[in-house]
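Chemist:
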Amino acid sequence: MDVFAETPTHCSHVYVSVNFIQSNDILKRELLSRPIVYYIEFGPDDYEDADLGTTLGFLRGKVAALLRENEFLAKHNQKLNYLQGDRLDLFKKKRLLTQDREFLCNMDVNTGDTLTCIAQI
Numbered sequence: 001m002d003v004f005a006e007t008p009t010h011c012s013h014v015y016v017s018v019n020f021i022q023s024n025d026i027l028k029r030e031l032l033s034r035p036i037v038y039y040i041e042f043g044p045d046d047y048e049d050a051d052l053g054t055t056l057g058f059l060r061g062k063v064a065a066l067l068r069e070n071e072f073l074a075k076h077n078q079k080l081n082y083l084q085g086d087r088l089d090l091f092k093k094k095r096l097l098t099q100d101r102e103f104l105c106n107m108d109v110n111t112g113d114t115l116t117c118i119a120q121i
């Protein structure tokens, strides 16, 4: 019998590839010919749990903040100033990640993974 329970390893950084769609576009065409890629690193202050790391909701909020802070994007589309996390769809491969309260490591998001984000504007 094992004395120690196996705990998932927290995620310390991810890449997030972001593109945009018009929320009223039925065909859901991506607006950028090449997505914007962010490298997002998580530190101890970002962890909701020392062993499990951070949650999808924290990451979603971080991506929304980075997009709002991007001066180039904000200059070209005023809607980005009001972008909220609920307008961001995050995917690991083709699987939509929806559980904001779940830890990234429990959703099979590992250190160094690239996630895809579609922002509806």
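Under full-length UniProt numbering, the first residue of the sequence shown is numbered 1, with each subsequent residue one higher. Beta carbons are placed, not taken as given, at the ideal position from N, Cα and C, and that holds for glycine. The model shown is predicted, which means the values in this text are computed figures rather than measured ones.
Considering only their Cβ atoms, is the gap separating Q120 from E33 smaller than 8 Å?
Modeler: Note on identity: in this sequence residue 33 is Ser, with Glu being the wrong assignment. No; because the gap between Cβ atoms is not below 8 Å, this pair is not in contact.
Chemist: Rounded to whole angstroms, how far is the Cβ of L90 from the Cβ of L97, which I believe are closer than 8 Å?
Modeler: 5 Å
Chemist: Can you tell me the Cβ-Cβ gap for S12 and E41, rounded? I've got them flagged as a contact below 8 Å.
Modeler: With a contact defined as Cβ atoms closer than 8 Å, S12 and E41 qualify at about 7 Å.
Chemist: Leaving aside the five residues before and after K62 along the sequence, list all residues of the same chain whose C-beta is less than 7 Å from its C-beta, in chain order.
Modeler: I40
Chemist: What residues in its chain sit with their C-beta under 6 Å from that of H10, if we drop five residues either side in the sequence?
Modeler: Excluding residues within five positions, the ones whose Cβ falls inside 6 Å are L52, G53 and C105.
Chemist: By alpha-carbon positions, which one of D113, T114, E48 and F72 ends up nearest to D100?
Modeler: E48
Chemist: Which residue comes first and which comes last in the alpha helix (DSSP H) that contains F58?
Modeler: L56 to E69
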